[in-house]
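Trainee: Here's a structure for you.
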Amino acid sequence: MDLFLQLTLAGLAIGSIYSCVALAVVMIYQATDHFNFAQGEMAMFSTYVAWTLIGLGAPVWLAFLLAVGISFLAGVIIERVIVKPVENAPVLNQIIVFIGLLVIFNAVAGWIWEFTIKPFPSLFPEDLGFKSELIGPHHLGVIALTLGVLALVFAFFRFTRVGLAMRAAAANPDSARLVGVSVGWMLALGWGLAASIGAVGGILVAPIVFLEPNMMAGVLLYGFAGALLGGVSSPGGAVLGGLVVGVLENWVGQYVPGGSELKLTFALILIVGVLVFKPAGLFGRVVVRRV
Amino acid sequence: MAFLEVRGLEAYYRQTQALFGVDFVLDEGSITAVLGANGAGKTTTLRAICRMVRTEGEVVFDGQDLSGLSTERVVGLGIAHVPEGRGTFVRQSVEENLQLGAYTRKNKADIAADMESVYGYFPRLGERRRQQAGTLSGGEQQMLAIGRALMLRPKLMLLDEPSFGLAPLIVQEIYEIMARIREREGTSMLLVEQNASIALELADHAYLLETGRGVRGGESSLLRDDEDIRRSYLGY
Chain C
6 MDLFLQLTLA GLAIGSIYSC VALAVVMIYQ ATDHFNFAQG EMAMFSTYVA WTLIGLGAPV
66 WLAFLLAVGI SFLAGVIIER VIVKPVENAP VLNQIIVFIG LLVIFNAVAG WIWEFTIKPF
126 PSLFPEDLGF KSELIGPHHL GVIALTLGVL ALVFAFFRFT RVGLAMRAAA ANPDSARLVG
186 VSVGWMLALG WGLAASIGAV GGILVAPIVF LEPNMMAGVL LYGFAGALLG GVSSPGGAVL
246 GGLVVGVLEN WVGQYVPGGS ELKLTFALIL IVGVLVFKPA GLFGRVVVRR V
Chain X
16 MAFLEVRGLE AYYRQTQALF GVDFVLDEGS ITAVLGANGA GKTTTLRAIC RMVRTEGEVV
76 FDGQDLSGLS TERVVGLGIA HVPEGRGTFV RQSVEENLQL GAYTRKNKAD IAADMESVYG
136 YFPRLGERRR QQAGTLSGGE QQMLAIGRAL MLRPKLMLLD EPSFGLAPLI VQEIYEIMAR
196 IREREGTSML LVEQNASIAL ELADHAYLLE TGRGVRGGES SLLRDDEDIR RSYLGY
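Chains C and X supply the protein sequences, listed in that same order.
Quick note: to get the working numbering, add 5 to the position in the first sequence (first position is 1).
Quick note: to get the working numbering, add 15 to the position in the second sequence (first position is 1).
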């Protein structure tokens, strides 16, 4: 029973990181109808920025906050400079731009910081004042911090004027323009926010998977699985989907014979399964278009 | 100088030209109707004023040339567009839709007061303020679209077929409320309609469009009484 609980709690911790990635992906998807395949590599890059800041002597938390802020700006700039010029281009062109971003971030990170694996410090102290057999301090911190961040994001969208405008711009751009919303800037803001949320995920997962340019490859895949499971049209669903995927991944690893080798396969099976049997996900809306 | 002056307005959807030189003026506080058959360019005229299509020619509003401005900037000048299809934010609540209408304004107290006044004009929206806007009936969504436009405290309202797809009784109700809005707020309106008889009742002036060109214009009563025009253009 202890093992089961340990697995579940650790799954929730890693799952909450998947939730961050899933939410970032869904935010961009809602505004543009495309998956940002570079979301993981952007988060990886943010994590390297934090690592560099720590190397320069910044306290871990300051490095975290600065990296999240820098990621926000970088996200806005990427949207304005790279994504906006192709916004009316055919779907394939846009996908290729996203894949190009992925490759560029990966290569540039390897070029600047090399492909060697680096340890990354946890944001949370080893000693939290109590000991638990069930969950380690980093995992506990991850759950608390991500839930806090996600709550902030939801409050922003739910209760602020700009949050409402961003939802309106994503849902109905023409109508949003007609009430004076600058839809282009809302998109850029969305990219900034998504990059920040991704950065949180990257910095939290780095102490677990270690820092290297490919560290987000698996995380992004699980994030996609979470987003699809919850429903790409439902931010709340995506967050829940991320958590579920994290927990399921751990259970599969332990209880399915040979499962520890099959974790990533499981994520892919989940992605294919959802797309085939329930494309809208658990909480998504089925979009019906008149033709 | 007229409040809104449109001169030689041409509009293009990609390579296709939809307006071939439309001219008209609108005086402050007045209601002008733009009438015509399907495809005459009525909706395009409104979209051209809001800079939603590529245009040539001149649109001057309250002394300012609108060409070269973005749609958001035009809205910021006090032009509220009630679009074709109502433009409802279907997943947002009625209240959020109205808040979006006031997006360019800052004073929270004023916004709250205006929201109550919209609920005054449209009590049914008040009853449904927490409801998801997509669940409203067609008539209620039309009311919501007008309410959203009012939240801008507009100097000029552009209304695109407020009668579209609605039962005659609801159309009557909406037009009565529009008359009351004009009376109380003094808002100028540019009204596009296929339902010519009801539009001519409300409007002071009217212009007739035919395949992207203005063919006649003048006081509504003159157009209404002109037998030829009625038969050939207005179809009643």
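Virtual Cβ for every residue (Gly too), placed ideally from N, Cα, C.
Quantities reported herein were computed from a predicted structural model and do not represent experimental measurements.
Taking the straight line between their C-alpha atoms, what separation do you get for Thr47(X) and Glu198(X)?
Mentor: One C-alpha to the other measures close to 15 angstroms.
Trainee: Could you check the C-alpha separation between Gly78(X) and Ala17(X) for me, to the nearest Å?
Mentor: 8 angstroms
Trainee: Within the continuous alpha helix (DSSP H) that includes Gln147(X), where are the two ends?
Mentor: Premise fails: Gln147(X) is in no alpha helix (DSSP H) and is neither H nor E.
Trainee: For Tyr23(C), collect the residues of the same chain with a Cβ closer than 7 angstroms to its Cβ; drop the 5 residues on either side in sequence, then sort them by chain order.
Mentor: Val224, Tyr227, Gly228, Gly231, Gly247, Val250 and Gly251
Trainee: Go through its chain and collect everything with a Cβ distance to Val291(C)'s Cβ below 6 angstroms, but skip five positions before and after it.
Mentor: Within its own chain, the residues whose Cβ lies closer than 6 angstroms to the Cβ of Val291(C), once the five positions on either side in sequence are excluded, are Ala285, listed in chain order.
Trainee: Indicate the three-state DSSP secondary structure (helix, strand or coil) for Lys268(C) in the structure shown.
Mentor: helix
Trainee: Return no unless some Cβ of chain X is closer than 8 angstroms to the Cβ of Asp7(C).
Mentor: no
Trainee: Is there at least one Cβ from chain X nearer than 8 angstroms to Ser180(C)'s Cβ?
Mentor: yes
Trainee: Alpha carbon to alpha carbon, what distance is there between Ala124(X) and Asn177(C)?
Mentor: A direct Cα-Cα distance of roughly 27 angstroms separates Asn177(C) from Ala124(X).
Trainee: For the segment 238 to 245 of chain C against the segment 207 to 218 of chain C, are there 3 or more C-beta pairs whose distance is under 8 angstroms?
Mentor: no
Trainee: Name the chain X residues that come within less than 7 angstroms of Leu4(C), Cβ to Cβ?
Mentor: In the structure displayed, chain C extends from 6 to 296; residue 4(C) sits before or after that span and is not available.
Trainee: Would you call Asp129(X) buried or exposed, if buried means 16 or more other Cβ atoms sit within 10 Å of its Cβ?
Mentor: buried
Trainee: With a 10 Å radius around its C-beta and 16 neighbouring C-beta atoms as the bar for buried, classify Ser187(C) as buried or exposed.
Mentor: buried
Trainee: Going along the chain, which unbroken runs of the beta strand (DSSP E) with 3 or more residues stay wholly within the segment 59 to 139 of chain X?
Mentor: For the segment 59 to 139 of chain X, whole beta strand (DSSP E) runs of length 3 or above, ordered along the chain, are 69 to 76 and 94 to 97.
Trainee: Hey, is Tyr118(X)'s beta-carbon within less than 8 angstroms of any beta-carbon in chain C?
Mentor: yes
Trainee: Assign Met49(C) to one of three DSSP states: helix, strand, or coil.
Mentor: Three-state result, Met49(C): helix.
Trainee: What are the partner residues of Val207(X), as DSSP defines its beta bridges?
Mentor: Val49(X) and Asp175(X)
Trainee: Quick check on the DSSP output: the beta strand (DSSP E) that includes Glu20(X) runs from which residue to which?
Mentor: Leu19 to Tyr28
Trainee: With a threshold of 6 angstroms on Cβ separation, who are the neighbours of Arg69(X) within its own chain once the five nearest residues in sequence on each side are excluded?
Mentor: Tyr27
Trainee: Run through chain C and tell me which residues come within less than 7 angstroms of Phe104(X), C-beta to C-beta.
Mentor: Those within 7 angstroms of Phe104(X) in chain C are Ala173, Ala176, Asn177 and Ser180.
Trainee: Is Ala182(X) buried or exposed, if buried means 16 or more other CB atoms sit within 10 Å of its CB?
Mentor: When all chains shown are included, Ala182(X) counts as exposed.
Trainee: Determine which residues of the segment 88 to 100 of chain X have a Cβ less than 7 angstroms from any Cβ of chain C, and write them out in chain order.
Mentor: Val90, Gly91, His96 and Pro98
Trainee: Could you name each continuous beta strand (DSSP E) segment of 3 residues or more that falls completely within the segment 119 to 163 of chain C, going from the start of the chain to the end?
Mentor: none
Trainee: Would you verify that the beta carbon of Gly241(C) is, or is not, closer than 8 angstroms to some beta carbon of chain X?
Mentor: no
Trainee: To the nearest angstrom, report how far apart Phe110(C) and Met47(C) are at their CA atoms.
Mentor: 7 angstroms
Trainee: Buried or exposed: Glu242(X), going by 16 or more other Cβ atoms within 10 Å of its Cβ?
Mentor: exposed
Trainee: Can you grab the Cα-Cα spacing for the pair Tyr134(X) / Val109(X), in whole Å?
Mentor: Distance between the alpha carbons of Tyr134(X) and Val109(X): 11 angstroms.
Trainee: Per DSSP, what kind of secondary structure is Thr31(X) in: helix, strand or coil?
Mentor: strand
Trainee: To the nearest whole angstrom, what separates the beta carbons of Phe104(X) and Ala173(C), a pair I think is in contact under 8 angstroms?
Mentor: 5 angstroms
Trainee: Write down the C-beta distance between Leu34(X) and Gly227(X) rounded to the nearest angstrom, noting that I regard them as a contact closer than 8 angstroms.
Mentor: 5 angstroms
Trainee: For Glu225(X), which beta-bridge partners are listed by DSSP?
Mentor: Arg228(X)
Trainee: By the criterion of Cβ-Cβ separation under 8 angstroms, what are the contact partners of Gly153(C) in chain X?
Mentor: For Gly153(C), none of the residues of chain X pass the 8 angstroms Cβ criterion, the least Cβ distance being about 25 angstroms.
Trainee: If you check the beta carbons only, do Leu140(X) and Gly116(X) fall under 8 angstroms apart?
Mentor: no
Trainee: Are Gly207(C) and Leu78(C) close, meaning C-beta to C-beta below 8 angstroms?
Mentor: no
Trainee: Does the distance from the C-beta atom of Ala68(C) to that of Ile59(C) stay below 8 angstroms?
Mentor: yes
Trainee: Taking all protein chains shown into account, decide if Pro138(X) is buried (16 or more other Cβ within 10 angstroms of its Cβ) or exposed.
Mentor: Exposed, because fewer than 16 other Cβ atoms sit within 10 Å of the Cβ of Pro138(X).
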